[in-house]
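Here the protein sequences come in this chain order: A and B. Be aware that the first sequence starts at 1, since it is given in the numbering used here, and climbs by one per residue. Be aware that the second sequence starts at 1001, since it is given in the numbering used here, and climbs by one per residue. Inspection log for the structure reproduced underneath, given as structure tokens.
2 protein chains.
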Amino acid sequence: MEPNSSSNDNNKMQLQHHSSCLEIATMEVHRVVPPRHKSTIEKLKTRLKETFFPDDPLRQFKGQPLGKKWILAAQYIFPILEWGPNYSFKLFKSDIISGLTIASLAIPQGISYAKLANLPPIVGLYSSFVPPLVYTVLGSSRDLAVGPVSIASLIMGSMLRQEVSPTQNPVLFLQLAFTATFFGGLVQASLGLLRLGFIIDFLSKATLIGFMAGAAIIVSLQQLKSLLGITHFTNQMGLIPVMSSVFHNTKEWSWQTILMGFCFLVFLLLTRHVGTKRPKLFWVSAGAPLVSVILSTLLVFAFKAQHHGISVIGKLQEGLNPPSWNMLKFHGSHLGLVMKTGLITGIISLTEGIAVGRTFAALKNYQVDGNKEMIAIGVMNIVGSSTSCYITTGAFSRSAVNHNAGAKTAVSNVVMSVTVMVTLLFLMPLFQYTPNVVLGAIIVTAVVGLIDVPAAHQIWKIDKFDFLVMLCAFLGVIFISVQEGLAIAVGISIFKILLQITRPKTVMLGNMPGSDIYRDLHHYNEAMRIPGFLILSIEAPINFANTTYLNERILRWIEEYEAEENLNKQSSLRFVILEMSAVSAIDTSGTSFFKDLRKAMEKKGLVLVNPLAEVLEKLQRSDDSGDFKRPDSLYLTVGEAVASLSSTIKAPSANYV
Amino acid sequence: MEPNSSSNDNNKMQLQHHSSCLEIATMEVHRVVPPRHKSTIEKLKTRLKETFFPDDPLRQFKGQPLGKKWILAAQYIFPILEWGPNYSFKLFKSDIISGLTIASLAIPQGISYAKLANLPPIVGLYSSFVPPLVYTVLGSSRDLAVGPVSIASLIMGSMLRQEVSPTQNPVLFLQLAFTATFFGGLVQASLGLLRLGFIIDFLSKATLIGFMAGAAIIVSLQQLKSLLGITHFTNQMGLIPVMSSVFHNTKEWSWQTILMGFCFLVFLLLTRHVGTKRPKLFWVSAGAPLVSVILSTLLVFAFKAQHHGISVIGKLQEGLNPPSWNMLKFHGSHLGLVMKTGLITGIISLTEGIAVGRTFAALKNYQVDGNKEMIAIGVMNIVGSSTSCYITTGAFSRSAVNHNAGAKTAVSNVVMSVTVMVTLLFLMPLFQYTPNVVLGAIIVTAVVGLIDVPAAHQIWKIDKFDFLVMLCAFLGVIFISVQEGLAIAVGISIFKILLQITRPKTVMLGNMPGSDIYRDLHHYNEAMRIPGFLILSIEAPINFANTTYLNERILRWIEEYEAEENLNKQSSLRFVILEMSAVSAIDTSGTSFFKDLRKAMEKKGLVLVNPLAEVLEKLQRSDDSGDFKRPDSLYLTVGEAVASLSSTIKAPSANYV
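Now the structure itself:
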């Protein structure tokens, strides 16, 4: 360690350094040393570790005695063992309040989302009972409120409906839903176990904002069926078929339903507005759906409105989740569709769950281990699929309520789960007269929050290309289909990355006067070109996708320099300096690129500045002529290269003539 | 421009700079200025230009009078107008020799490759007559010898055979081949016109080496049919079905054929060996196939060997290419297959043509415009498809012979074309007794050169991952299929690039003693950490695919620093400096990453060094708090940042406490 680094000492040191340079006439030059030799196995190990274990999950185990290691391992697998022993009554008081609050939200939402997935309403409640209990044991987030969510419900419902009708063949549809949930959980747990969590990173923020907004609109449009009381509604999801279905069935519109829907929608949206503006009044928006359900049920019961054009849920089964492992179908003609549905809903719901977990972890300043969360969510869905639950994850709206209501640990999920259990056992008959229109209003209110206009505006301000990606996701979801819209947006995002690699930025550097700093000539107006030198900084890994471009681009730069040189009669180009600090990797196409470039440049010198260890090693290994081992073609900084090479231009014994 | 930059003056300047620093106690610090404002349209224009016109093809038109512009435009479209007027008898003498040489190679190869594509042998000669003439007018390479090539022939034959049998339905098969050629030409010309030539860059050198070697083996295996004289041969291409077909039909093996094939194969391989070892004796290997054809035909004729188990070509049509535009089929059930075949053969043959053109251009030090070449090859195939030609391109082996024989311009293609014409008109009856076994031997000899073991060894030495890609292409082609092997290799190459983006290299920097240079601590052992500072260099664009990783990785680094700090009781971490020179781009996920990071770092200072213009602009636009506009969070070099911030640590009025 350097003993001190105060400004004065630093300057003295530099002064000393530079005055010594002056004394010995040519500058003291730092050698670029070849990196320490590493075997292929060593390199592979480092690479694999950085790729799959960047968070070094086992670092806490290092240097611990064996007994302690066992305890740590158990805590690692079951995070409940970490916080459970310190759980206190004080924490429980906070958790019970938040748990009851999210339960009042979860019950109406569970029923509504199950309908969105074309499943019996009770499956939504089943799915709010078992999965939260599993998550409490395995999950590492303290704020996540687990249950069915709107977008995954929508996707599962619409994908499965492609092959099986939920009205004509409800049992098969339910079987496929459970099987898809099983595959979804399997995908989620596998991503976590194989430490491939980075796959969900390919859904960028911009993609998600566009996708969510599109899905919210699709979900809301579906609710027009219950909000307007239409009985013959289209099975398709797109904007155009839904709107044409709405306006071709104007005769079926029921004014009683519309009036009731409108009133409750206004009520719910108003309470939602209060809840978002004043986080302290979170209970207003959290309780509103349950209040609406109770109020509307009483209204229907009192006025016998079910006979006046208002459709109701009808009789619901009582009792806890029946086992459903015998309903999983791993063969038959629908297996392909079920696996695809599981894959897509699994990844989408995983993305939501992880994003929500990370958001609240960042707010309370604790860490959530992404891969561990994936395993927790995955196991939760695998268990769910054999206990009559469909796909669940951490829901944003419910977790926000949970957080605002003061949840301290995952025990709030247990409280919610127990409340749902009580409902399942004793309160189901009460929902018999709940009108569907109120469920529609609850869904619309819940998904409206997914349309994030300020974020879209912010993206427009910062990055037009990201905005384009967002727009593609949005329009794709609305006009084509939920899955294809998402696929298009992901495709465009990846294409942009590939384009950045194919056309890497190359910057021409100039000297900042009065220093040995070299910076972008186009950015810093005071930066000056050094006659006889072309100094380029390559800003990307050099590989097969860009060597052709780089070769042509650099040769054109040389040509332009020479054209200008003839015009202005300035000193001729002698050295091309490539600043390589930003070239993080190179492949065999890249190494041939340097050979070709050196050949094409004929008598001009090609000088590399600060190649990274890995790049330098590959260049030297591929270089039979030894050109990249000569000290006059390798420098540590541009300043040293220019200073040192300038002297060779002047000196009669110049290397390059 | 700086007036002079000799080493001495440079040093003086630096000395002056640093001594002035010493006087004013704190160092003189260069400001990071925001870049000049550019409108979105301006930025889009620059971006589009760099993406699609990196070679600035219209630069020669600038500032020319109108008449001259027209001439330049005509020359741009028809390169023949550029070199044609200066064509001399001396050049012609060279071209006629090389043209006759490649004709002697082209005639037997044309017949053989057509058989490889399951087409009538004469189509191979047709394809060596028209396309070279078209290329002479449009092409810009001086060495390319145009005609059918082995790999494209193989792929076209095997793909079309999936749906139509060439023996049972030869006319339909021929129609599909011409139509596929038309689509191939269309794809090629479109890639050139739309300036999307970089798409072929995604076939990396490693992929191509593996693919070529695999294809060479597949092609050679197919020749076992004629080399062994088997009549009932499999229709499949893979290693396993071919070998099982060979050994299940041992009864059909004909010793006469085997003997003849063996003799000619040895003769051809020997002459090939001579040709490659001594480029001056190129005519030995160039003439050998024709000699073999003549010799073997005479042998068959003399011994009436066609009655003794040696199969011969049989009667061939005489006359020039008949028009075939009426044979193009743009409808019907095979359209999808034909378009796919056109796409794949088009891209593969384009890759070969462009690579060959570039290779010889680099040898003779002239430039080949990739996009223009694509248009030339594309038009050549479109014209070819309506004059009874199938897919053609610049062939490597024939171009090498052309080059060695001293070709000066594309006129050598005209000479070859005329020779083929004479053959078509008058010499076709001579081929009646040519035995198929000799054609098989010619193909094997031609494709053996595609197996490049030294290149594979070189790749193994330099880059293990590239070797893996190569191996996948090779094994995929041999065991699965030609197209799928290629697709797998391209997929893996792109996956590697994406992985590099997802897990960007991040390097910890230290101070090189006695200087203000900061370099990789793991590469330079003398580099020293500065207590209180964590200096990281991020080596990739920051985008949605890597923000999660970067966030976790940087926080872990901070954690590790603090753990060590407690152990060694060194001064606590005060500043995290991110060297941003290598961050070539950023998106909206990237800008939020910086916000989150700043929040997570609490009281430690986050300092950026040398962000590029575009990155700085986006950061400042997304930053409502103005943190990235404060001069104490933006520096031009790490040295200046450390020097300047060290003083704030010591001073009582420090900013970050």
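Just so it is clear, CB atoms sit at the ideal spot from N, CA and C, and this is done for glycine as well.
*Go ahead and label Arg31/A buried or exposed: buried means 16 or more other beta carbons lie within 10 angstroms of its beta carbon, across all protein chains shown.*
The residue in question, Arg31/A, is exposed, as its Cβ has fewer than 16 Cβ neighbours within 10 Å.
*Taking 8 Å as the CB-CB cut-off, is His457/A touching chain B?*
no
_Buried versus exposed call for Tyr1113/B [16 or more other C-beta atoms within 10 Å across all chains shown]_ = buried
*Where does Ser1646/B land, buried or exposed, given buried means 16+ other C-beta within 10 angstroms?*
buried
*Using a Cβ cut-off of 7 Å, pull out every chain B residue sitting near Pro541/A, in sequence order please.*
Gln1500
*asked:* 8 Å is my cut-off, CB to CB: does Val1033/B come that close to chain A?
replied: Cβ-Cβ to chain A under 8 Å: yes for Val1033/B.
*How far does the alpha helix (DSSP H) with Gly1229/B in it reach, from first residue to last?*
Taken as a continuous stretch (DSSP letters only), Gly1229/B belongs to no alpha helix (DSSP H), as it is neither H nor E.
*Assign Lys315/A to one of two classes, buried (16 or more other C-beta atoms within 10 Å of its C-beta) or exposed (fewer than that).*
So Lys315/A counts as exposed.
*In chain A, which residues lie with their C-beta within 8 Å of the C-beta of Asn1610/B?*
Those are Arg519, listed as they occur along chain A.
*With 16 other Cβ atoms within 10 Å as the buried cut-off, status of His1334/B*: buried
*Scan the region 566-588 of chain A for residues whose Cβ lies nearer than 9 Å to a Cβ of chain B and list them as they occur along the chain.*
Asn568, Gln570, Glu579, Ser581, Ala582, Val583, Ser584, Ala585, Ile586, Asp587 and Thr588
_chain A contacts from the region 1548-1564 of chain B (Cβ-Cβ distance under 7 Å)_ = Thr1548, Tyr1549, Glu1552, Arg1553 and Arg1556
*8 Å Cβ cutoff met for Val469/A and Ala206/A*: yes
*Which residues of chain A have a Cβ atom closer than 8 Å to the Cβ of His998/B, listed in chain order?*
It is not possible to answer for residue 998/B, since the shown part of chain B is limited to 1001 through 1657.
*Taking a cut of 7 Å between CB atoms, which residues from the region 180-199 of chain A lie near chain B?*
Phe198
_Sufficient close CB pairs (3 or more, under 8 Å) joining the region 1490-1502 of chain B to the region 1193-1206 of chain B_ = yes
*Any residues in the region 477-495 of chain A with a beta carbon nearer than 9 Å to a beta carbon of chain B? Which ones, in chain order?*
Ser493 and Ile494
*For chain A, find out if any of its Cβ atoms is closer than 8 Å to the Cβ of Asp1055/B; answer yes or no.*
yes
*Tell me whether Phe575/A sits in a helix, a strand or coil according to DSSP, three-state version.*
strand
_Per DSSP, what are the beta-bridge partners of Met508/A in this structure?_
Leu536/A
*Below 8 Å on the Cβ atoms is my guess for Phe1183/B versus Val1368/B; work out the distance and round it to an integer in Å.*
Incorrect: roughly 25 Å between the Cβ atoms, too far for contact.
_Need the endpoints of the alpha helix (DSSP H) that Thr398/A sits in, please._
First, the amino acid is wrong: residue 398/A is Arg here, not Thr. Arg398/A -> alpha helix (DSSP H) spans Phe396 to Asn404.
*Tell me, to the nearest whole angstrom, how far the beta carbon of Lys1408/B is from that of Arg1142/B; I am working on the premise that it is less than 8 Å.*
7 Å
*Where Lys1618/B meets chain A, residues with beta-carbon distance less than 8 Å*: Residues of chain A whose Cβ lies closer than 8 Å to the Cβ of Lys1618/B are, in chain order, Ile462 and Asp463.
*State yes or no: is the beta carbon of Ile1024/B nearer than 8 Å to at least one beta carbon in chain A?*
At Ile1024/B, the pLDDT of 33 sits below 50, so the modelled position is not reliable; the number obtained from the coordinates is stated separately. False, the Cβ-Cβ gap to chain A never drops below 8 Å.
_So with CB distances below 8 Å, who are the chain A contacts of Ser1349/B?_
The premise fails here: Ser1349/B is roughly 18 Å from chain A at the closest Cβ pair, so nothing lies under 8 Å.
*Pick helix, strand or coil for Leu619/A, following the three-state DSSP scheme.*
helix
*Does the beta carbon of Asp1201/B sit closer than 8 Å to a beta carbon anywhere in chain A?*
Closer than 8 Å to some Cβ of chain A, the Cβ of Asp1201/B qualifies, so yes.
*How would you list, in chain order, the residues of chain B whose beta-carbon sits under 9 Å from the beta-carbon of Leu154/A?*
Within 9 Å Cβ-Cβ: nothing; Leu154/A doesn't reach chain B, min ~23 Å.
*From the DSSP output, in three-state form, read off Gln1317/B for me.*
coil
*In this structure, does DSSP put Gly1605/B in helix, strand or coil?*
Reduced to three states, the DSSP call for Gly1605/B is strand.
_Run of the beta strand (DSSP E) containing Asp1466/B, from where it starts to where it stops_ = Taken as a continuous stretch (DSSP letters only), Asp1466/B belongs to no beta strand (DSSP E), being part of the alpha helix (DSSP H) at Lys1464 to Leu1475.
*Starting from the beta carbon of Lys629/A, find every residue of chain B whose beta carbon is closer than 8 Å, and list them in chain order.*
The premise fails here: Lys629/A is roughly 15 Å from chain B at the closest Cβ pair, so nothing lies under 8 Å.
*Since Val219/A and Ser150/A are thought to touch, with beta carbons under 8 Å apart, how far apart are those beta carbons, to the nearest angstrom?*
6 Å
*asked:* Tell me whether the region 1583-1591 of chain B and the region 1537-1548 of chain B touch, counting them as touching only if at least three CB pairs, one residue from each stretch, are closer than 8 Å.
replied: yes
*Tell me which same chain residues have a C-beta within less than 7 Å of the C-beta of Asn551/A, skipping the five on either side of it?*
Phe593, Asp596 and Leu597
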